Amino acid sequence: MSAPGDFDVIVIGGGLHGCSAAYHLAAARLKPVVLEKHVVARHASSASAGGVRRLGRDPAEIPLAMASIEMWHAMRATLGDDGEFRATGQVRVAENVDELRQCEARAAQVRALGYDHEVVIDRKELRRLVPAVAEQCIGGLYTARDGYAFPFKATTAFRLKAEALGAVVKEDTRVEAIERSGERWLVTTNRGPFRAPVLVNAAGAWGAEIARMLGEEVPIEPVALMMMVSGRMPHFLDPTVGSMGRKMSFKQMQSGTVVIGGGHRGRVDPLTELTELEFQFLGESARTVAAIFPLMKHAPLVRCWAGIEGFTPDELPIIGPSKAVPGVFHSFGFCGHGFQLGPVVGSITAQLVTGGKTNLPIEPFRVDRFAGSPPQA
Numbered sequence: 002m003s004a005p006g007d008f009d010v011i012v013i014g015g016g017l018h019g020c021s022a023a024y025h026l027a028a029a030r031l032k033p034v035v036l037e038k039h040v041v042a043r044h045a046s047s048a049s050a051g052g053v054r055r056l057g058r059d060p061a062e063i064p065l066a067m068a069s070i071e072m073w074h075a076m077r078a079t080l081g082d083d084g085e086f087r088a089t090g091q092v093r094v095a096e097n098v099d100e101l102r103q104c105e106a107r108a109a110q111v112r113a114l115g116y117d118h119e120v121v122i123d124r125k126e127l128r129r130l131v132p133a134v135a136e137q138c139i140g141g142l143y144t145a146r147d148g149y150a151f152p153f154k155a156t157t158a159f160r161l162k163a164e165a166l167g168a169v170v171k172e173d174t175r176v177e178a179i180e181r182s183g184e185r186w187l188v189t190t191n192r193g194p195f196r197a198p199v200l201v202n203a204a205g206a207w208g209a210e211i212a213r214m215l216g217e218e219v220p221i222e223p224v225a226l227m228m229m230v231s232g233r234m235p236h237f238l239d240p241t242v243g244s245m246g247r248k249m250s251f252k253q254m255q256s257g258t259v260v261i262g263g264g265h266r267g268r269v270d271p272l273t274e275l276t277e278l279e280f281q282f283l284g285e286s287a288r289t290v291a292a293i294f295p296l297m298k299h300a301p302l303v304r305c306w307a308g309i310e311g312f313t314p315d316e317l318p319i320i321g322p323s324k325a326v327p328g329v330f331h332s333f334g335f336c337g338h339g340f341q342l343g344p345v346v347g348s349i350t351a352q353l354v355t356g357g358k359t360n361l362p363i364e365p366f367r368v369d370r371f372a373g374s375p376p377q378a
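Those letters in the sequence shown? Residues 2 to 378, by the working numbering.
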């Protein structure tokens with residue numbers, strides 16, 4: 002008989018990617034355990050903007066994003082909960098002719114890769130989709146099946162379905178040491194030992210620390226991405242809106258509140274896991290929103306926050322098998338745009354664990370692509 006700490010797979014990290022991996026592993030009839038040092042969705046997975054976005058993806062990510070959008074659309078049927086996913090579309094506005102030309106060049110690039118999901122729209126179509134947009138906006142890029150979801154609820158949906166299928170989630174469980182013991186990994190935590198033949202590193206901004214325990218150096222910078230939310234307003238917007246020339250992510254939730262992001266950074270202490278807001282950048286974000294949506298000029302802002310995310314030098318994630326040790330698979334460092342990819346990367350991880358391969362292209366995300374680069378603090 003197996004000991005209480007024995008599992009088929011140990012997943013380190015209880016964010017969206019860890020919970021998605023746990024679900025897909027459990028659906029494959031394995032018994033995973035998720036080790037989360039705080040609580041599920043503590044950092045980036047609940048503090049993100051929640052964009053379910055193919056629009057503007059790095060070409061290397063497009064195949065994964067295209068597969069993942071189908072999983073988002075099927076999520077309620079699959080998990081019994083859709084994490085409040087709403088396929089309202091996404092728009093990136095152009096405020097001048099140069100930016101509109103950038104839209105056309107981007108759409109042409111995507112078409113050359115064999116995809117047609119990014120469409121250039123003119124002023125008339127932009128105003129049909131986004132009536133409240135400022136007069137200087139003359140068009141943009143549009144993806145019809147993208148949208149947004151509620152990050153904490155989406156993560157929780159994967160967690161609950163994984164647990165229903167036999168996965169175990171251990172919160173307040175901090176990894177202290179990892180060692181190979183025969184054919185299994187022995188993970189020592191503040192709540193005792195856990196053993197499994199396979200280890201999944203889904204530790205987010207702390208993924209490089211776990212990789213280092215396994216003998217792999219990955220340059221990761223912990224970043225505090227800042228967000229703001231307004232008070233409730235009458236409905237005026239359906240799609241999620243970004244900008245070709247400014248840092249902006251803008252969406253109105255069903256409750257009427259408006260969530261504002263765009264990549265402005267606060268300060269982060271990775272040791273204490275505390276963040277500090279940079280209000281001059283939040284002010285810049287507010288001015289951008291007011292310029293593109295004039296009705297926001299007097300909107301009350303009720304809360305600001307920042308979540309900690311890991312950034313790689315090329316702003317692409319680490320996905321795939323360890324190159325240093327057997328039975329280890331990585332899924333971290335999503336650089337502020339991993340939310341949409343959560344469903345498919347969990348599936349990829351389960352495919353790698355159970356069959357040793359995936360039909361999706363993950364070579365651009367290999368863990369050793371920065372070999373020789375010094376790790377970032």
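No residue lacks a Cβ here, since even glycine has one placed at the ideal position from N, Cα and C. Remember, it's a predicted structure, so these values are computed and weren't measured experimentally.
Opening and closing residue of the beta strand (DSSP E) in which residue i lies
| i | result |
| --- | --- |
| I63 | I63 -> not in any beta strand (DSSP E); alpha helix (DSSP H) instead, spanning I63 to H74. |
| K252 | S250 to Q253 |
| S47 | Here S47 belongs to no beta strand (DSSP E); instead the alpha helix (DSSP H) covers A45 to A48. |
| K125 | Note, K125: premise wrong, no beta strand (DSSP E); alpha helix (DSSP H) at R124 to L130. |
| F333 | V329 to F333 |
| I319 | I319 to P322 |
| P194 | G193 to A197 |
| R181 | V176 to S182 |
| K32 | Note, K32: premise wrong, no beta strand (DSSP E); not H, not E. |
| V169 | V169 to K171 |
| I361 | The question names Ile, but residue 361 in the sequence shown is Leu. Note, L361: premise wrong, no beta strand (DSSP E); not H, not E. |
Three-way DSSP call (helix, strand, coil) for residue i in this model
| i | result |
| --- | --- |
| C305 | strand |
| D99 | helix |
| V219 | coil |
| G208 | helix |
| A27 | helix |
| C20 | helix |
| T355 | helix |
| L296 | helix |
| A378 | With a pLDDT of only 46 at A378, under 50, the local geometry of the prediction cannot be trusted, and no value is derived from it. |
| G343 | helix |
| M2 | With a pLDDT of only 35 at M2, under the threshold of 50, the placement of this residue in the model should not be trusted, and no figure is reported. |
| D270 | strand |
| S256 | coil |
| G284 | helix |
| Q137 | coil |
| L56 | coil |
| V12 | strand |
| R93 | strand |
| V368 | helix |
| E316 | coil |
| V121 | strand |
Run of the alpha helix (DSSP H) containing residue i, from where it starts to where it stops
| i | result |
| --- | --- |
| L187 | Careful: L187 lies outside any alpha helix (DSSP H), inside the beta strand (DSSP E) at R185 to T190. |
| F153 | P152 to A165 |
| L238 | It is not in any alpha helix (DSSP H) - L238 carries neither H nor E in the DSSP assignment. |
Residues near residue i by beta carbon distance below 8 Å, same chain, minus five either side
| i | result |
| --- | --- |
| L361 | P64, L65, A68, V345 and I349 |
| A61 | L317, P362, P365 and F366 |
Sequence-distant residues of the same chain with beta carbon closer than 7 Å to residue i, five excluded per side
| i | result |
| --- | --- |
| T406 | Residue coverage of the chain in this structure runs from 2 to 378, which leaves residue 406 outside it and unanswerable. |
| V131 | V92, L238, P240 and V242 |
| R128 | V134 |
| G328 | W186, P198, V199 and L200 |
Nearest candidate by alpha-carbon position, reference residue i, set the options
| i | options | result |
| --- | --- | --- |
| V219 | H331, N97 and E364 | H331 |
| T355 | G14, A28 and H18 | A28 |
| R175 | L36, R77, I261 and E285 | L36 |
| N1 | S231, I261, E274 and R247 | In the structure as shown, the chain starts at 2 and stops at 378, and residue 1 therefore has no counterpart that could be examined. |
| R192 | R181, E177 and G167 | E177 |
| D315 | T190, H25, R370 and P327 | R370 |
| R124 | V94, F151 and F153 | V94 |
| A135 | G19, C336 and M297 | M297 |
| D59 | V121, I122 and L342 | L342 |
| P223 | A165, A300, C138 and F312 | F312 |
| E119 | G90, C138 and R30 | G90 |
| E164 | H338, V41 and G334 | V41 |
| Q110 | G57, L166, A75 and D147 | G57 |
| A287 | T276, G262 and V170 | G262 |
| G167 | H25, S182, D147 and F333 | H25 |
Close beta carbons around residue i, own chain, < 6 Å, minus the five adjacent residues each side
| i | result |
| --- | --- |
| A378 | Below a pLDDT of 50, predicted positions are generally treated as unreliable, and A378, at 46, falls in that range; the measurement from the model is reported next regardless. Once the five neighbours on either side are set aside, A378 has no close Cβ partner at all. |
| I211 | I13, N202 and A204 |
| V259 | S231 and Q253 |
| A150 | G51, V53, G84, E85 and F86 |
| P295 | A135 |
| M214 | I179 |
Any non-hydrogen atom of the ligand GTP closer than 7 Å to residue i Cβ
| i | result |
| --- | --- |
| S286 | Absence of the ligand GTP is noted for the structure shown, with no ligands found whatsoever. |
Exercise. Does the count of Cβ pairs from the region 311-326 and the region 349-363 closer than 8 Å reach three?
Worked result: yes
Exercise. Three or more C-beta pairs closer than 8 Å, one from the region 40-50 and one from the region 199-208: is that the case here?
Worked result: yes
For this session: Inspect the CB distances between the region 258-268 and the region 223-230 and report whether three or more fall short of 8 Å.
Result: yes
Exercise. Three or more beta-carbon pairs under 8 Å between the region 298-306 and the region 109-121, yes or no?
Worked result: no
For this session: Flag this pair as touching only if the region 180-196 and the region 5-15 have three or more C-beta atom pairs under 8 Å; answer yes or no.
Result: yes
Problem set entry | the region 98-107 in contact with the region 125-143 per 3-pair CB rule at 8 Å | yes
Exercise. Using 8 Å as the threshold, is the region 146-161 in touch with the region 72-91, meaning 3 or more CB pairs across them?
Worked result: yes
Exercise. For the region 49-56 against the region 246-263, are there 3 or more C-beta pairs whose distance is under 8 Å?
Worked result: yes
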